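The next block holds one structure in the form of structure tokens; read it before the comments.
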Amino acid sequence: MSKTIDPICGMTVDANSALVLEIEGKSHYFCSSSCRDRFAAQQGVSVTAETSSDPGDAACCQSDYDGKSKMKLPTDAESGQIFTCPMHPEVEQVGPGSCPKCGMDLEPKTISLEEEDDGSESAMTQRFWAGVVLSLPLLVLTMGPMVGLPIREWLSPKIEGWLQLFLATPVVLWSGWPLLARGWQSIVHRSPNMFTLIAIGTLTAFFFSLAAVLFPGVIPQAFYEAGRPPLYFEAAAVIITLVLLGQVLELRARKRTSGAIRELLELAPETALRVTEDGEQEIPLEQVKAGDRLRVRPGEKTPVDGVVREGSSSVDESMLTGEPIPVQKSAGDKIIAGTLNQTGALLIEAQQVGSDTVLSRIVDMVAAAQRSRAPIQKLVDTVAAWFVPCVLVAALIAFAVWAVVGPQPRLAHALLAAISVLIIACPCALGLATPMSIMVGVGRGAREGVLIKDAQVLETMERVDTIVVDKTGTLTEGRPRVTEVIATGELSNDELLLLAAAVERLSEHPLARAIVEAAGEKELEILNAVEFGSTTGGGVEAQVEGQRICIGKPGFLEEQGVSVAEQSISKAEALQSEGQTVVFVANENSLLGMIGIADPIKETTPAVIKQIHDLGLKLVMLTGDAQATAQAVATKLSIDELQAGVSPEQKHDYVRKLHDEGRVVAMAGDGINDAPALAAADVGIAMGTGSDVAIESAGVTLVGGDLRGVVKAAALSRATMRNIRQNLVFAFGYNALGIPIAAGVLYPIFGWLLSPMIAAAAMSLSSVSVIANALRLRSVKL
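All residue numbers for the sequence shown refer to the numbering used here, where the first residue is 6 and numbers rise by one.
In structure tokens:
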């Protein structure tokens, strides 16, 4: 049976039973008439009996799984995957390409688990390195005489010209072909952008130089230098090479943005164990339907969202909630896809499957939020949309005026005036203004442990007025630790801790690990325990040196025949109000004491929060933790606003709510549960000690997991954006002064005429100014 992809919804359909649309002799297959009609509208055709056929009942958007990956779609044009522009989401097409409006590479709307490579990065890298290899000898030929190399003694003008032509032609016409194609596309679609400037500037310099090599007699002697006609091959080649460098860096950055989604896709298992009257059967995940009963054994991940029907266990939900303490699950409790079953076997009933699970919705949120970001280059492209027509008009006016009233030879002077205008307006400095500052600023941040994923972060961080943070792993250490040991009997605190550690050493619970670690820190020699037993949701017990030691909740101890006094319960409640979890320790006869366990606040957190407040920023804490624990932390740290017990979707929705209020939000978090909010925020800030998904979803990663990086990121963004504005002033300042002079407006008054050689020198000087100014960011204080 032949399978193909619906180009609209991306679902796999059976070509023998799908709806078919014939366009220019090629067949396109669809799951439904709505998808077919939408595709036809995109292609500008109408659906008629000749173009459309219905071989039978349409396939109902059946997902294609190969047994190895989930949500996988082929990525080439023939498979029908939809690509879109991150800057202009309304632009969609089947297969990869470039945006007709801004020239950016299109990216797939759907990410598969297996990383696909369309070859664009490797191809662009090859073009870049070819440009480097050929541009370096070009620079030696042109700049060598300025530093004393006797190149012009070795080479005649004719040989030097042909050698430069030989080196520059592959750079401009092969390495720069994608850039020139985008420039031409921008002209065809009447959407001038940076690629328009690049194409016009480089081709003007190249073809003027080509004419000087082939027909040197058309160049007036007044413009000759050392008896040679001026050549600008190196300007064209170097511009192409520098722009290609920016394209390679952009492709690599965009490739990493899909990592978060792949990390999320890996959370769900590939198979599920379905329970029927005939027994248990392992089936692919895509075959699970709502209502199926599934067995989840200890150590396995939950395949779908559902409800527990039989069994009880402790389930690690940290991948979704960010909280380190497992949650007890028993009959009637909800369970989420991707969570890890730890202790007992569970029988669950599937309720939400496929794209309806919480995990799938998180994937969709992250993908949509990532696509919604516009690159910082949009500012330059907006300016270029006006700048390009102005430069062309200025060049045409200069040509016309010189051709009519200029001195003889009028045509030659007119041509050179127009070329001088185009060369001095060449976008090298304009193209470098933003990426140079970004590159240096990102490097400066990396030295401080602040990793910036994309340029938009630096622009947006400057305008942030609200910081949203998670609690666990962001404000706190993210690892439970013993904070209180209170003996109520004849034992000392250390003796109580020693007995508890002996029992808990046999348990894998995070609270048990905290108790064992506390005994180790005190260098206590942990005793041996035997006959260990565990009651899910209650506590643990074991024999230690001939006595039965029980550890757990008051209800568990009472089941063992040990009563807990009201005074002890009151003390436990006081500790709980401070954000601590309390476990009681008893022997066969009486209560021995209690141990308080909490996730400690990081030492640096209070000072950082003060700095954030000093910057005039509002601080909001969103956490999946209980209200009492979260409130204790919020009160202690003077948090402006608190939302506790929130789910990943609620965190995402809260960030959207802040947007609706007109705020610019930076979200700091460390868990998978934070991924949707991190991606939806104007700036996502991930702790480097957190999950890979949070790091991939965020625009900023703080390597040390320290909130001090938030303050550094804010300072870096302000310094970088200030530097970019200065660079743009340099770039346009040279153009504002140089273009009129190149056009010859000062010739009637002072007799000044800017030759193309001087125009090229001015263009180079503007680039040097931009680069030098950007390098100042290396020493900015953060």
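A virtual CB, placed ideally from N, CA and C, is assigned to each residue, including glycine.
For clarity, every value in this text was computed on a predicted model and none was experimentally measured.
Secondary structure at arginine 195: coil, using DSSP grouped into helix, strand and coil. A straight line joining the alpha-carbon of tryptophan 167 with that of leucine 215 spans about 9 Å. Given a length threshold of 4 residues, each whole run of the alpha helix (DSSP H) inside the stretch 656 to 693 is given here in chain order: 680 to 685.
Cβ-Cβ separation between aspartate 679 and lysine 656: approximately 7 Å, consistent with a contact (criterion under 8 Å).
Methionine 129 places its beta carbon less than 8 Å from that of leucine 249. In this structure, isoleucine 353 lies near glycine 311, with their beta-carbon atoms less than 8 Å apart. Pairing glutamine 572 with isoleucine 617, the inter-Cα distance amounts to about 41 Å. Inclusion of isoleucine 245 and leucine 170 in the CB contact set at 8 Å is not warranted, their separation being larger than that value. By the neighbour-count definition (other C-beta atoms within 10 Å, threshold 16), proline 485 is a buried residue.
Within a 10 Å sphere around the beta-carbon of proline 394 sit fewer than 16 other beta-carbons, which makes this residue exposed. Here leucine 351 really is in contact with valine 301; their C-beta atoms are around 5 Å apart, less than 8 Å. Rounded to whole angstroms, the gap between the alpha carbons of serine 335 and methionine 599 is 26 Å. Per DSSP, serine 125 is one residue of the alpha helix (DSSP H) stretching across 125 to 148.
Per DSSP, the unbroken beta strand (DSSP E) holding histidine 33 starts and ends at 31 to 35. Taking 8 Å as the cut-off, the Cβ atoms of isoleucine 554 and asparagine 594 do not count as close.
For lysine 615, the enclosing alpha helix (DSSP H) has its first and last residue at 610 to 619. Between alanine 173 and leucine 154, the CB-CB gap reaches or exceeds 8 Å.
DSSP places isoleucine 87 within a strand segment (E or B) once states are collapsed to three. Counting of Cβ neighbours within 10 angstroms places phenylalanine 404 among the buried residues, the total reaching 16 or more.
Within the model, the alpha-carbon separation for valine 320 versus glutamate 666 is close to 37 Å.
DSSP, read as helix, strand or coil, puts lysine 339 in strand.
Beta-bridge partners assigned by DSSP to glutamine 548: Val535, Arg553.
Three or more Cβ pairs closer than 8 Å define a contact, and the stretch 578 to 591 meets that threshold against the stretch 487 to 505. For leucine 580, the secondary structure class from DSSP, reduced to helix, strand or coil, is helix. Rounded to the nearest whole angstrom, the C-alpha separation of glutamate 285 and glutamate 315 is 15 Å. Assignment of valine 409 by DSSP, reduced to helix, strand and coil, places it in the helix class. Nearest in C-alpha terms to threonine 471, of all of Thr276, Ala724, Leu622, Gly704, is Leu622. In terms of Cα proximity to alanine 603, the closest of Thr481, Leu624, Lys717 is Thr481. Closest in C-alpha terms to glutamine 552, from the list Ala523, Pro113, Cys104, Leu504, comes Leu504. Contact between the stretch 710 to 722 and the stretch 447 to 466 is present, with at least three C-beta pairs closer than 8 Å.
Counting every other CB atom within 10 Å of its CB across the protein chains shown gives serine 103 a total of 16 or more, marking it as buried. At the C-beta level, valine 549 and alanine 507 come within 8 Å of one another.
Counting other Cβ atoms within 10 Å of its Cβ, leucine 427 reaches 16 or more and is therefore classed as buried. In this structure, DSSP gives serine 319 an extended state, which the three-state scheme calls strand. Here the alpha carbons of glutamate 513 and glutamate 530 stand approximately 19 Å from one another. Using a 10 angstroms sphere on the CB of phenylalanine 755, the tally of other CB atoms stays under 16, which defines it as exposed.
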